[in-house]
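In the order they appear, the protein sequences are chains A and B. Just so you know, the first sequence maps onto residues 0 to 281 in numbering that gives the first Met the number 0. Just so you know, the second sequence maps onto residues 0 to 332 in numbering that gives the first Met the number 0. Working notes, beginning with the structure itself.
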Amino acid sequence: MSNAKQIKSRIISIEPSGSYLHLVLEAPEVANYVEPGHFVAIAVGGVGSGMLLRRAFSIHRATADKSIEVIFAAHGQGTQWLAEQKAGTQLDIIAPLGKPFALPRQPVGCVLVAGGYGAAPMMMLAQQLKQLGCSVEVVLGAATEDKLFGVLESKAIADVVTVTTDDGSSGVRGRVTDVLPDAIKRVSAKAVYACGPMPMLKAVAQVSKELAAYSQCAVEEAMACGIGVCMTCVLPVIGDDGVTRMVRSCVEGPVFRGDRVRWDDVDTIPADTFGAPTGGGH
Amino acid sequence: MSDLETPDQEIPARKMPARKIPDVSSSIDLTTSLGSLQLQAPTATASGCAAAGRELAQFGDVRTLGAVVTKSIMKNPRSGRPTPRMAETPSGMLNSIGLQGPGIEAFLEKDLSWLTENGVTTIVSIAGNNVDEFGELANRLKDVPGIAALEVNISCPNVESRGQVFACNPFSAASVIETVRREWTSSAPILAKLSPDVTDIVEIAQSVVEAGVDGVSMINTLLGMVIDLDRMKPMLGGRTGGLSGPAIRPVAVRAVYQVHAALPQLPILGMGGIRTGHDALEFIAAGASAVSIGTVVFGDPGAPWRIADELGAELAKRGFTKLTDAIGAAHER
């Protein structure tokens, strides 16, 4: 359970970072509670905004007693508004939210895989894993070079960083899952951490399972509240008891074990789901 | 590696410091009532917008709310509808959750017990697939301690059959309420939650009053649709959804005003897009005795407390010393 607080947070800086924006927020009240995989929900549009719902972003970095950072792309009305805000502006934020990545109890080999700005939470995670004595490989992929994030920073932390792009503009031409099996084998990875689009997570979960590594996937589901009250952001996940339930990605996630998410059934209610309709639908 | 934790993880209430009440409203009496139910504060949560209260405990002391109105509970566990379940719309949102819930027994064990142990004023919302299920739920709950009122959700639009929106027809609405009334031997009031998607909401209100309700909750969401032009399909997994938020507020105020005009003695729990104390006072002036804060909680989880404070200030500004003096103030006397 996160220790979430709703606070007023001043923008310390907002700067372009490749194709993305890098937002630094003054948040001493929450910064110390942030773990890799946590997210922040930011109100957009100002007082009386016609956009009622917060935008959720995974937290890129937290500096003790001081700040939290977010990487985002301005691709909708809400994120466009956020992109136009200036240093000094006060935002209404809730953080930290969600269930973070679970860390291994012993030092083991780990591979961190991310697509695009899904790399945002991975540097903080890589740092913590290194501190635990894990060997860490990072695989970063994107459609094109300008959509990559965190390559340099990852190289400073991880033992090996592999880059893939769909068009070959940087690193290996192809998908992250093309290079993932080798990365897993190189560090004898017991744990694979992933953040990115759903098809990528599905593929990462599958490759990890085949190579007997646990995968932890941070999902991106559309959320309304981010705090667990609205039941919007659900997906079918198999519990410890073997039963599939529609669970909230904001509270039970956003990090799930890759082998527990029914990736092919996302956006459906599988017939064997707890409480599924017995005919005719709900 | 840690396993996936149990899906219904326990969320402890955080101890919060005592709330500061603004000076301007400290002299205003905000207590009110819904029939025999006395409320210490005028703002409640709205069904479906605060789960069973526990998550909101991170943001305020839920014991100080007028009431927590729980998400509608059904007899059996229910998965709800496929995703996407939400589309943001101008000053509002469309949802097609479809009453996802754990079923009455798990609700009693996990949710109501938490509310009761923490001394939260709890209004339990119930929903049935048919008239008999409403009766069974009322029967199951009648002797359970800690239920301040029963809200009968006869108006959820997120059901496969429009025939299940009982509140769209005065006879089916009355039939549900008569059954619940018969089973509900508790002295706690019964509220019927009404739909605005009707030609004459006063007719529906009259029919549920004759069937024995103690009050009405209004309004539920309006049936709506958003088309995703990239997929050239309705955006929501359930195709249609319920529209809520400030976009529907004037519809809700109108509905409260009409029902209060026709049935001035009928207690009304008003809701529909309330975002500020100013909005809340519109509902009170239209004839509501208390208000529920719904969709706005998704963006501002502290809203039920903030709006109570703001309502006090709005009343003070207009020379009221008691909230109850403002109920129905917009009607000609």
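Heads up, the beta-carbon is just placed ideally off N, CA and C, and yes, glycines get one too.
- Message: Please list the terminal residues of the continuous beta strand (DSSP E) segment that includes B:I218.
- Response: As a working note, residue 218 of chain B is residue 219 in the second sequence. From DSSP, B:I218 is part of no beta strand (DSSP E); its letter is neither H nor E.
- Can you give me the start and stop residues for the alpha helix (DSSP H) that A:V29 sits inside? Reading the first sequence from its first residue, position 30 is the one you call residue 29 of chain A. 27 to 30 is the extent of the alpha helix (DSSP H) around A:V29.
- Ranges of the beta strand (DSSP E) found wholly within the segment 262 to 312 of chain B, counting only runs of at least 3: 267 to 269, 289 to 292
- So, does the CB of A:R261 fall closer than 8 Å to a CB anywhere in chain B? As a position in the first sequence, residue 261 of chain A is number 262, starting the count at 1. It does not: the Cβ of A:R261 has no partner Cβ on chain B nearer than 8 Å.
- Item | Environment of B:P21 [buried if 16+ CB atoms lie within 10 Å] | Translated into the one-based positions of the second sequence, residue 21 of chain B becomes position 22. Bear in mind that a pLDDT of 48 at B:P21, under 50, signals an unreliable position, so the model cannot answer this.
- Below 8 Å CB to CB, which residues in the same chain sit around A:R172 once its five sequence neighbours on both sides are set aside? In the first sequence, counting from the first residue as 1, residue 172 of chain A sits at position 173. Result list for A:R172: T163, T164, D165, D166, in chain order.
- Item | Among B:P195, B:K141, B:G211, B:A126, nearest to B:T184 - alpha-carbon criterion | Within the second sequence, the letter at position 185 stands for residue 184 of chain B. Residue B:K141 is the option with its Cα nearest to B:T184.
- DSSP on A:H59, reduced to helix/strand/coil? As a first step, residue 59 of chain A is located in the first sequence; it is residue number 60 there, counting from the start. Three-state result, A:H59: strand.
- Query: Of the residues B:A261, B:L228, B:R230, B:M231, which one's Cα is nearest the Cα of B:A204?
  - Reply: Start at 1 with the first residue of the second sequence, and residue 204 of chain B comes out as number 205. Out of B:A261, B:L228, B:R230, B:M231, B:A261 has the C-alpha closest to the C-alpha of B:A204.
- For the alpha helix (DSSP H) that contains A:I11, what are its first and last residues? Along the first sequence, one-based indexing puts residue 11 of chain A at 12. From DSSP, A:I11 is part of no alpha helix (DSSP H) but of the beta strand (DSSP E) over 4 to 16.
- Separation of A:G195 from B:I200, as counted between CA atoms: Position 201 of the second sequence, counted from the first residue, corresponds to residue 200 of chain B. Position 196 of the first sequence, counted from the first residue, corresponds to residue 195 of chain A. Roughly 48 Å separates the two Cα atoms.
- Taking A:T143 as the reference, give the member of A:G17, A:I13, A:A270, A:V69 with the closest Cα. Here residue 143 of chain A refers to the residue found at position 144 when the first sequence is read from its first residue. That would be A:G17, whose Cα lies nearest to the Cα of A:T143.
- Message: For A:D266, would you say it is in contact with chain B, using Cβ-to-Cβ distances shorter than 8 Å as the test?
- Response: Counting from 1 along the first sequence, the entry for residue 266 of chain A is found at position 267. Chain B contact via Cβ: present.
- Measuring only between beta-carbons, confirm whether B:C48 sits less than 8 Å from chain A. Translated into positions along the second sequence, residue 48 of chain B becomes position 49. Yes, because at least one Cβ of chain A sits closer than 8 Å to the Cβ of B:C48.
- Task: Give a yes or no on whether 8 Å exceeds the smallest Cβ distance from B:P89 to chain A.
- Result: As a working mapping, residue 89 of chain B is identified with position 90 in the second sequence. By this cut-off, B:P89 is an interface position.
- For the candidate residues B:D308, B:L268, B:L222, whose alpha-carbon lies nearest to that of B:V255? Numbered from 1 along the second sequence, position 256 holds the residue referred to as residue 255 of chain B. Among B:D308, B:L268, B:L222, the Cα nearest to that of B:V255 belongs to B:L268.
- Item | Members of the segment 197 to 217 of chain A that neighbour chain B once the beta carbon cut-off is set at 9 Å | Y213, Q215
- Task: Using a Cβ cut-off of 8 Å, pull out every chain A residue sitting near B:E135, in sequence order please.
- Result: If you number the second sequence from 1, residue 135 of chain B lands on position 136. Correct list: empty, because the minimum Cβ distance to chain A is about 17 Å.
- Could you check if B:G118 is buried or exposed, using at least 16 other CB atoms within 10 Å of its CB as the buried criterion? Within the second sequence, the letter at position 119 stands for residue 118 of chain B. Classification for B:G118: exposed.
- Between the Cα of B:C155 and the Cα atoms of B:P233, B:A191, B:R53, which residue gives the shortest distance? Locating residue 155 of chain B in the second sequence gives position 156, counting from the first residue. The candidate whose alpha carbon is nearest that of B:C155 is B:A191.
- Query: Does any CB atom of chain A fall closer than 8 Å to the CB of B:L55?
  - Reply: Working through the second sequence from its first residue, we reach residue 55 of chain B at position 56. At least one chain A Cβ lies under 8 Å of B:L55.
- Message: Suppose contacts are defined by Cβ-Cβ distances below 8 Å. Is B:L149 in contact with B:V215 by that definition?
- Response: To locate residue 149 of chain B, count along the second sequence from 1; it is residue 150. To locate residue 215 of chain B, count along the second sequence from 1; it is residue 216. No, they are not a contact pair.
- Look at B:N138 and B:E182 and say whether their C-beta atoms are less than 8 Å apart. Counting from one through the second sequence, the residue named residue 138 of chain B turns up at place 139. Counting from one through the second sequence, the residue named residue 182 of chain B turns up at place 183. Yes, Cβ-Cβ distance for B:N138 and B:E182 is below 8 Å.
- Query: Going by the beta-carbon positions, is the gap between B:T63 and B:A45 smaller than 8 Å?
  - Reply: As a first step, residue 63 of chain B must be located in the second sequence, where it is residue number 64. As a first step, residue 45 of chain B must be located in the second sequence, where it is residue number 46. Against a cut-off of 8 Å, the Cβ pair of B:A45 and B:T63 comes out as no contact.
- Query: When the Cα atoms are used, what is the spatial distance from B:A302 to B:I292?
  - Reply: As a first step, residue 302 of chain B is located in the second sequence; it is residue number 303 there, counting from the start. As a first step, residue 292 of chain B is located in the second sequence; it is residue number 293 there, counting from the start. Taking the straight line joining both Cα atoms gives about 7 Å.
- What in chain A is Cβ-close to B:I96, meaning under 8 Å? On the second sequence, residue 96 of chain B is found 97 positions in, with the first residue counted as 1. The contacting residues are C229, M230, T231.
- How would you call A:F255, buried or exposed, if buried means at least 16 neighbouring beta carbons within 10 angstroms? Position 256 of the first sequence, counted from the first residue, corresponds to residue 255 of chain A. Buried is the call here.
- DSSP on B:H330, reduced to helix/strand/coil? Within the second sequence, numbered from 1, the residue matching residue 330 of chain B stands at position 331. B:H330 falls in the coil class under three-state DSSP.
- Task: Using a Cβ-Cβ cut-off of 8 Å, state whether A:L52 counts as contacting chain B.
- Result: For the purposes of this step, residue 52 of chain A is identified with residue 53 of the first sequence, where counting begins at 1. Closer than 8 Å: yes.
- Item | Cut-off 6 Å between Cβ atoms - residues of its own chain near B:I273, not counting five sequence neighbours on either side | For this step, residue 273 of chain B is matched to residue 274 along the second sequence. Same-chain partners within the cutoff: A279, V290, I292.
- Message: Rounded to whole angstroms, what is the Cα-Cα separation between B:G34 and B:S186?
- Response: Within the second sequence, numbered from 1, the residue matching residue 34 of chain B stands at position 35. Within the second sequence, numbered from 1, the residue matching residue 186 of chain B stands at position 187. C-alpha separation (whole angstroms): 11 Å.
- Could you confirm whether any beta carbon from chain A is found closer than 8 Å to the beta carbon of B:E313? Looking up residue 313 of chain B in the second sequence gives position 314. Not one chain A Cβ lies under 8 Å of B:E313.
- Query: Tell me which same chain residues have a C-beta within less than 6 Å of the C-beta of B:V212, skipping the five on either side of it?
  - Reply: Numbered from 1 along the second sequence, position 213 holds the residue referred to as residue 212 of chain B. The residues are I176, I189, A191.
- Task: Please go through the same chain and pick out, in chain order, the residues whose beta-carbon is closer than 8 Å to the beta-carbon of A:A221, but skip the five residues on each side of it.
- Result: The sequence position of residue 221 of chain A within the first sequence is 222, counting from 1. T231, C232, listed in sequence order.
- Would you kindly work out how many angstroms separate the C-alpha atoms of B:E209 and A:A72, rounded to a whole number? Along the second sequence, read from residue 1 onward, the residue named residue 209 of chain B stands at position 210. Along the first sequence, read from residue 1 onward, the residue named residue 72 of chain A stands at position 73. For B:E209 and A:A72, the distance between alpha carbons rounds to 56 Å.
- Message: At the level of alpha carbons, what is the spacing between B:M224 and B:E87?
- Response: Locating residue 224 of chain B in the second sequence gives position 225, counting from the first residue. Locating residue 87 of chain B in the second sequence gives position 88, counting from the first residue. When rounded, the distance between both Cα atoms is 11 Å.
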